[in-house]
Amino acid sequence: MVSLHCKNCHKSLRAGFARRDRGASRRSWRKKYCNSRFHKRFKHHLLKFMLLIFENALIFFILCGIVNISLNFFGAWKKICHLEKFDTPFDFGILIWDAPVLGASTTWGGLLVSILVGAIIQFFYSPEGIIIGICVFFGHAFGSFIKRRLGVPRGGYVPIVDHGDYVIFTGAVFLCLGKLSPSTYILSIVLALIIHPLFCLAGYQLGIRENRF
């Protein structure tokens, strides 16, 4: 005659074996799925999709950066050659609440340089080169407008605005035109906020920029 205690032991053992079998079957299914052709293809296409987004964002940032660097070289060239007095501020020196609309660093000469560099980009690489050049300039102009409204003087630093205004503005325009995906737009801003400060520091060391920001 089997005691009640032994019956409970048998039940516990059977339950333990059942749980172990279910766990083994789950592990077996997971192993089969991870080794399946569908899973490998899914990972391959996901990685390919992520690399494509990164590539597009990097290319977009580089194109905007080329125009931005050209504007920095143009400003440094004016300063070295003492030609700043021959360039006209884009806001013509108009004041709003005793502060410039944009400031002396945003000039008509800068707009011409942006268009010229954009035309070169359009000739050699992108059919939207001129649009990129114009948008980068107005992105800087918009950033200058924000800084003047905040009371920040020329050369002052405002986080995000100083390092990403041109990419944020240009990307927003291309996003509205349907030429840039939201994921590429966001990633290009992230790249700008990471890479742009490094270029600013290099430009400061080379004497191209007035400050390290």
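The numbering used here puts the sequence shown at residues 76 to 288. Beta carbons are placed, not taken as given, at the ideal position from N, Cα and C, and that holds for glycine.
Chain-order list of residues whose beta-carbon lies under 8 angstroms from that of residue i (same chain, five-residue window excluded)
{"i": "L177", "result": "P164, F165, D166, A216, S219, F220 and R223"}
{"i": "L146", "result": "G185, V188, S189, V211, F212 and H215"}
{"i": "A194", "result": "G204, I205 and G208"}
{"i": "F198", "result": "G204"}
Cα-Cα separation, residue i to residue j
{"i": "I235", "j": "G226", "result": "16 angstroms"}
{"i": "N131", "j": "D173", "result": "42 angstroms"}
{"i": "G204", "j": "S256", "result": "18 angstroms"}
{"i": "K160", "j": "K154", "result": "10 angstroms"}
{"i": "D96", "j": "K118", "result": "Interpretation of D96 is limited by its pLDDT of 49, a score under 50 that renders its predicted location unreliable; no figure is taken from the coordinates."}
{"i": "I144", "j": "I269", "result": "16 angstroms"}
{"i": "S258", "j": "H271", "result": "19 angstroms"}
{"i": "W183", "j": "D162", "result": "7 angstroms"}
Span of the alpha helix (DSSP H) around residue i
{"i": "S256", "result": "Neither: S256 is in no alpha helix (DSSP H) and is coded neither H nor E."}
{"i": "I190", "result": "W183 to F199"}
{"i": "S219", "result": "G204 to R224"}
Cut-off 6 angstroms between Cβ atoms - residues of its own chain near residue i, not counting five sequence neighbours on either side
{"i": "L250", "result": "Y260"}
Beta-carbon separation (whole angstroms), residue i vs residue j, contact threshold 8 angstroms
{"i": "I207", "j": "C275", "result": "That belief does not hold up - the Cβ atoms of I207 and C275 are roughly 20 angstroms apart, past 8 angstroms."}
{"i": "I128", "j": "L266", "result": "The Cβ separation is near 11 angstroms, so there is no contact."}
{"i": "I264", "j": "V242", "result": "6 angstroms"}
Reference residue i, options the options, closest by Cα
{"i": "T245", "options": "W152, F136 and I171", "result": "F136"}
{"i": "V192", "options": "V142, M125 and L158", "result": "V142"}
{"i": "R287", "options": "H120, L170 and H238", "result": "H238"}
{"i": "L281", "options": "A151, I196 and G230", "result": "A151"}
7 angstroms CB neighbourhood of residue i in its chain, flanking five on each side removed
{"i": "I169", "result": "V176"}
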